[in-house]
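Numbering (this note's numbering), first residue to last: 117 to 879.
What follows is a set of notes on a single structure, which appears directly below.
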Ligand code: GDP
Ligand code: MG
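This is the structure in structure tokens:
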């Protein structure tokens, strides 16, 4: 027994050694290896099977020795305690594992809408993505959301039709929903093989091979080429699907079309088809559909093969970062606190390399800092390494300032070199279109004036990315005054991990207020403070984050003239404000360039300008109606006079006072967050669900039928959706589900506005 045990340990030891050796090759050697790396994410509608699929991939790659299950709460990627309890994935973690002669770096993106910020950050660092569909449901509400986001970052995708074991699963219906709802060209690469109604394997439509998984835990499977003689009908239908695939592909890929014409045959070698699919996938003209059932251990290895075959290597994506040539360029996509190692920052390296203990320069913050230890994240451990090279994911400790989304390089000089290089590059014809991601285009469109090349470089490099507006607020309080400082420190740490969490302090009451993306988001923050920081915080009732917008325009002159500590403090400020849609944050203040104003403001000292800007920022935090942030506002400074020795803080306060008067005079309206909501309900319960929705001020946009379900798409004010999940559960005996996503801020009727004010102020 003892001997056996020892042998087992040895085998384990060598296995681990071998695995580490294989990975080591990728992390430390320089050239040539990038093409064997895949940085990918798995994106899906909740419950499509992301976590289950990830767990299987780690298992079949030999990275973990036993498979966890979501419902047992022991999967590797759902590592935070709350996730295990709730059975959903919240925080993205990166894991690396070897597959065939390549390495897959998997960035686990959160699947819940409250965490779209994290999804965006991880998308920005992906080279490719697997979109998991529940094959019995096809494209669902959140599939659309992640699809849109992936398009925004131009991420090539393959789709994995999971849950093919279900009797109502249909690959053909999924392909249709991809075409209809995502407006994308599907390339169906597999069909299912069933025996007595049970899924046992797949047919590979490229090679016309049947892949059958023998029982057990899915490690073993056999491949056999179908033949006309032996397989009859099966061969025939596979052949039809194969021809359809070749036909579709030849319409997309010119190179394949040329080959077909030159060879005068549709009989194309699988390898050539594979290359045509790869080209079509990389150019996003088409999207391969692969089938499987992760839970039943079928189709996971073929999915991993698909990742290697069709998704890009780091060398094939993100041309933008070539502006750094051989200097380090890396983006932080995750900050995490580890009990033993302290703050850990996950960096995606685009170019250059990073070494233990080196200095890095943060482009957005214009600051240098030193990294401590350097690791790579394997499935269940952080492995210390000396250096990590381009194309990979590095995990570094000790960074204090770098936040999720920041871009870093080695030195300030390297940053300047890269920006200059980029500005020059942008002058080449067509360069702008080639380098610009659609997500950056949106930011540019929001700018009022034509950006300088310097500004353009910043936008392209994603410096100062936009963070989604939080829609929920609640007050937060420590159990005793003595824990106030500890709580502030904890919140500061959490904010760095998750920039979509906002913490503010009410200037009047001193009350700390949390703002977040959803009920679950704030709930999880609370749980983490209690569990990880051991502070028994209390959260106040959840409130909607309203906004205010000006109704008209107004102008006011504010005079400050008083004695403070023996000095005369004097300033005279004239400002106006009006409602202008979509003014970006850094363009809110405008200087009046006409007549007398121009002459007066030409003397404005930069120090005073920054004090004025600060006054504007303070003033727009609180609108006249309900003290909510003022949005869609353009502020103009017309006149500024200042007495000698007047302090900057007096200027700031004067500006804030002046604007408060302006806002009061122009009056404001309340805007409320409106969500787009998708409810999926069995037909039998749908009339009750619809009747209830009608009472919630919803606008029904679209209702359609999917299997036995009605799918209801509508717009609903967030304030009407508090506690909606429990209402829906009881209305539908737990059979209906819903997802929601922030849509827009919209004006309210006077009646609803009054009601909202009453609910916030109590009168
Ligand atoms: P995620 O929310 O996308 O991470 O999905 P999970 O991996 O947590 O899976 C959601 C549920 O679907 C769990 O109960 C899984 O056991 C189940 N599930 C996952 N894969 C399959 C599958 O291939 N077939 C079936 N029938 N159920 C599956
Ligand atoms: Mg999950």
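Don't be surprised by glycine CBs; every beta carbon is placed ideally from N, CA and C.
On a CA-only basis, which of the options is nearest residue i? Give me that one, please.
i	options	result
residue 269	827, 236 and 840	236
residue 90	730, 741 and 638	There is no way to answer for residue 90, as the model of the chain reaches only from 117 to 879.
residue 522	613, 677 and 490	613
residue 460	430, 845, 492 and 442	492
residue 882	465, 452 and 631	Absent from the model: residue 882. The displayed extent of the chain is 117 to 879, so no value can be given.
residue 468	478, 441, 171 and 789	441
residue 421	305, 518 and 527	305
residue 691	704, 679 and 637	704
residue 591	635, 535, 655 and 532	655
residue 660	846, 476, 393 and 743	743
residue 756	771, 168, 376 and 840	771
residue 429	165, 243 and 532	243
residue 289	321, 249 and 635	249
residue 239	520, 444 and 603	520
residue 883	483, 753, 804 and 838	In the structure displayed, the chain extends from 117 to 879; residue 883 sits before or after that span and is not available.
residue 761	479, 678 and 665	678
residue 578	298, 586, 357 and 557	557
residue 385	410, 364 and 358	358
residue 413	481, 173 and 665	173
residue 470	387, 455 and 444	444
What do you get for residue i, buried or exposed, if any count of 16 or more other CB atoms within 10 angstroms of its CB means buried?
i	result
residue 229	Note that residue 229 scores a pLDDT of 49, beneath 50, so its modelled location is shaky; the value from the coordinates is reported in the next line. The residue in question, residue 229, is buried, as its Cβ has 16 or more Cβ neighbours within 10 Å.
residue 273	buried
residue 867	exposed
residue 863	exposed
residue 473	exposed
residue 861	buried
residue 336	exposed
residue 294	buried
residue 835	buried
residue 792	buried
residue 147	Unreliable placement is indicated for residue 147, whose pLDDT of 44 sits below 50; the coordinate value is still reported in the next sentence. Exposed: under 16 other Cβ atoms inside 10 Å.
residue 722	exposed
residue 880	This structure cannot settle anything about residue 880, because the visible part of the chain is limited to 117 through 879.
residue 487	buried
residue 672	buried
residue 500	exposed
residue 210	buried
residue 681	exposed
residue 668	exposed
Is the beta carbon of residue i sitting closer than 8 angstroms to the one on residue j?
i	j	result
residue 258	residue 734	no
residue 438	residue 463	no
residue 749	residue 699	yes
residue 619	residue 607	yes
residue 685	residue 777	no
residue 490	residue 662	no
residue 509	residue 155	yes
residue 406	residue 418	yes
residue 318	residue 309	yes
residue 731	residue 781	no
residue 796	residue 825	yes
residue 322	residue 275	no
residue 693	residue 665	no
Who are residue i's beta bridge partners in DSSP?
i	result
residue 785	665
residue 654	593
residue 442	According to DSSP, residue 442 bridges with nothing at all.
residue 679	684
residue 811	Beta-bridge pairing links residue 811 to no other residue.
residue 407	277
residue 660	588
residue 250	254 and 278
residue 827	796 and 820
residue 883	Past the boundaries of the shown model lies residue 883; the chain is included only from 117 to 879, so the question cannot be answered.
residue 674	689
residue 710	In DSSP, residue 710 forms no bridge with anything.
residue 211	222
residue 241	Paired residues: none, contrary to the question.
* Fully enclosed by the region 586 to 626, which alpha helix (DSSP H) runs are 4 residues long or longer? -> 600 to 613
* Counting only runs that start and end within the region 457 to 544, where is the alpha helix (DSSP H) found for 4 or more residues in a row? -> 528 to 541
* At what residue ranges does the region 266 to 342 contain a whole run of the alpha helix (DSSP H), taking only runs of 4 or more? -> 287 to 297
* In chain order, which continuous runs of the alpha helix (DSSP H) of length 4 or greater are located wholly inside the region 732 to 808? -> 764 to 782
* In chain order, each beta strand (DSSP E) run of at least 3 residues that lies wholly inside the region 838 to 863 -> 853 to 863
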